[in-house]
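Residue numbers (our numbering): 41 to 611.
Worksheet: one structure, shown below.
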């Protein structure tokens with residue numbers, strides 16, 4: 041497989057992966073065929089033992105070697121079937137893991153606007169549930185396709201020489217199972233698609249309500265939303281039961297045809313033994329008749345298994361269509377490693393982070409928000425980024441780290457020209473937005489997101505720098521106080537200072553801060569700025585702000601006016 045990112049439609053992805061998987065599933069379908077061959081010898085030995093004891097009146101002790109052989113064949117057959125299932129499951133896990141990694145890389149590569157337009161509940165449910173639905177198709181359905189053809193032909197090859205009428209009965213009744221399997225499977229696929237859509241919708245619906253539960257409670261809409269969640273869950277339950285009803289109906293129909301085929305062979309052999317068939321009966325011995333009856337159910341068994349796993353195919357196809365709806369064309373291969381140089385960097389961008397001949401647009405429109413001719417932020421310098429609200433300060437910072445697309449111009453970092461790569465702490469870049477993310481957990485857990493190995497002393501030092509130590513000490517359990525999602529219960533200024541403490545714990549060289557002192561008083565602001573400038577003396581510090589006092593403490597000031605970014609001299 042080429043080391044490049046190819047995106048294809050769900051149907052093409054399914055066909056491509058199926059062709060690739062068939063060569064890897066050799067043992068998954070060959071082992072059941074070998075197990076069927078073992079069963080033929082097992083059935084013949086069992087019929088021989090019954091013939092010897094019942095008809096020939098031989099002592100059962102004389103049949104001990106044959107009974108031992110039957111037990112040996114039974115164990116061997118079980119081992120073959122277990123190994124086949126293991127091989128199928130192993131391949132399915134490999135394919136699921138590869139797809140999840142590709143989707144995760146794509147998620148990290150999405151721009152900020154696209155992420156905000158998607159429901160997090162649907163995305164997370166699709167990566168877990170929809171990808172998991174592929175297991176049955178690769179682990180069971182694909183091997184069952186080969187097994188359903190080879191095993192009946194193999195068994196019929198042994199039945200025909202014994203009695204051709206029994207062979208014809210099995211030969212003409214067996215194809216009815218795949219026919220009805222397809223007819224019912226089409227209806228099952230439609231029901232499965234509807235059920236998976238409702239499952240994803242419920243996941244996104246529940247996640248959104250959980251995120252806004254505090255606002256809903258304040259507006260007095262708690263009971264109404266509870267009723268809507270209850271109705272959505274009932275709709276999903278009804279849809280699930282509809283799929284199960286079709287599955288049980290198909291199983292009943294297939295079992296009926298299999299039972300009729302076995303019963304037909306049993307009636308023919310029984311009537312022949314009773315003498316009712318006259319010259320039509322070929323005079324089977326007990327051994328031959330029992331051998332045919334033992335093989336008859338095994339002729340239908342692979343077809344029944346294929347029918348059962350046909351629902352796995354329908355589920356997988358529906359899941360892939362849902363993944364395509366959420367993620368677009370599905371990735372076949374993993375993308376290249378991030379930060380690979382896409383072009384030879386100009387000589388003047390050997391270091392630093394910046395933009396050249398860039399044009400930033402208002403998210404979701406063609407309106408030109410900001411034009412940047414040449415901008416480079418370098419370590420060892422502090423920068424203030426000023427401008428009116430809505431002028432593009434936040435958009436500029438998010439574009440620099442790759443959270444927003446850059447349709448025109450170049451973005452570069454550390455001597456590399458970047459396209460869609462997302463810069464993060466691992467590359468030495470930190471961005472703190474106006475609304476920093478806080479996961480549920482203790483204060484210490486929240487801080488250690490920036491440095492998992494930070495000691496308690498280092499945590500308190502970072503809190504002192506961000507002027508957050510005083511209110512953290514006042515919390516019921518200090519660093520071990522559990523905060524809700526989004527640091528629920530803390531004020532905006534407290535959340536901002538906790539986020540700043542994470543910045544002080546990081547080892548990044550480029551620090552981008554969006555309004556870091558917007559929610560604090562003047563005295564606290566000055567203390568935070570003093571700590572930032574001292575700590576970041578050897579780093580690159582970029583602060584987007586409206587505050588003239590903050591800007592004047594930085595070494596360079598850049599102003600956004602009339603959609604242009606210009607350096608201010610002598611402010």
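Using N, Cα and C, we set each Cβ at its ideal position, and we do this for glycine too.
Discussion item. Starting from residue 186, trace the alpha helix (DSSP H) in both directions and tell me its first and last residue.
Written reply: 182-199
Fill in: Selection from 443, 591, 471, 52 that minimises the alpha carbon distance to residue 459
Of the listed residues, the one whose Cα sits closest to residue 459 is 443.
Worksheet entry | Range covered by the beta strand (DSSP E) that runs through residue 608 | 604-608
Worksheet entry | For residue 332, the first and last residue of its enclosing beta strand (DSSP E) | It is not in any beta strand (DSSP E) - residue 332 instead sits in the alpha helix (DSSP H) that spans 326-367.
Discussion item. Quick check on residue 380: does DSSP put it in helix, strand or coil?
Written reply: Reliability fails at residue 380, whose pLDDT of 36 lies under 50, so the model's placement of it is uncertain and the value that follows must be treated cautiously. DSSP places residue 380 in coil when its eight states are reduced to three.
Worksheet item: Is residue 544 near residue 352, with beta carbons less than 7 Å apart?
Response: no
Discussion item. Between the alpha carbons of residue 376 and residue 419, how many angstroms are there, rounded?
Written reply: With a pLDDT of only 39 at residue 376, under 50, the local geometry of the prediction cannot be trusted, and no value is derived from it.
Worksheet item: If you draw a straight line from the C-alpha of residue 527 to the C-alpha of residue 538, how long is it?
Response: The straight-line gap from Cα to Cα measures roughly 9 Å.
Worksheet item: Is residue 581 near the ligand GDP, judged by its Cβ being under 6 Å from some heavy atom?
Response: Among the components of this structure there are no ligands whatsoever, and the ligand GDP is therefore not found.
Worksheet item: By a C-beta neighbour count over all protein chains shown, 10 Å radius and 16 as the cutoff for buried, is residue 477 buried or exposed?
Response: exposed
Discussion item. I'd like to know whether the C-beta atoms of residue 432 and residue 463 end up nearer to each other than 7 Å.
Written reply: no
Practice prompt. Ignoring anything shorter than 4 residues or poking outside the stretch 529-609, list the alpha helix (DSSP H) runs there in chain order.
Written response: 532-545, 562-575, 588-592
Practice prompt. Indicate the three-state DSSP secondary structure (helix, strand or coil) for residue 112 in the structure shown.
Written response: helix
Fill in: Extent of the continuous alpha helix (DSSP H) to which residue 470 belongs
No alpha helix (DSSP H) holds residue 470; the beta strand (DSSP E) holding it covers 469-472.
Fill in: From 174, 121, 108, residue whose alpha carbon lies closest to that of residue 136
174
Worksheet item: Quick one: Cα of residue 379 to Cα of residue 521, how far?
Response: Any reading at residue 379 must be qualified, since the residue scores a pLDDT of 36, below 50, and its modelled position is unreliable; no value is offered.
Worksheet entry | 7 Å Cβ cutoff met for residue 339 and residue 195 | yes
Fill in: Interface flag, residue 268 vs chain C, CB-CB below 7 Å
As a matter of chain content, chain C is missing from the structure shown, which is built from one protein chain.
Worksheet item: Is the beta carbon of residue 127 less than 7 Å from the beta carbon of residue 68?
Response: yes
Worksheet item: What whole-angstrom Cβ distance do residue 71 and residue 123 have, given they're in contact under 8 Å?
Response: 5 Å
Worksheet item: How many angstroms separate the CA atom of residue 73 from the CA atom of residue 317?
Response: 35 Å
Worksheet entry | The alpha helix (DSSP H) enclosing residue 82, as first and last residue numbers | In the DSSP assignment, residue 82 falls within the unbroken alpha helix (DSSP H) covering 66-90.
Fill in: Backbone CA spacing between residue 491 and residue 546 [nearest angstrom]
6 Å
Worksheet item: CB-CB under 6 Å to residue 80, same chain, minus the five flanking residues each way: which ones, in chain order?
Response: 198
Practice prompt. Give the secondary structure of residue 306 by DSSP, where H, G and I count as helix, E and B as strand, and everything else as coil.
Written response: Residue 306 falls in the helix class under three-state DSSP.
Worksheet item: Going by alpha carbons, who is nearest to residue 474 out of 264, 330, 414, 586?
Response: 586
Practice prompt. Return the chain-ordered list of same chain residues with a C-beta closer than 8 Å to the C-beta of residue 120, the five sequence neighbours on each side being excluded.
Written response: 71, 72, 74, 75, 78
Fill in: Euclidean distance between Cα positions of residue 275 and residue 54
Cα to Cα, the separation comes out at about 29 Å.
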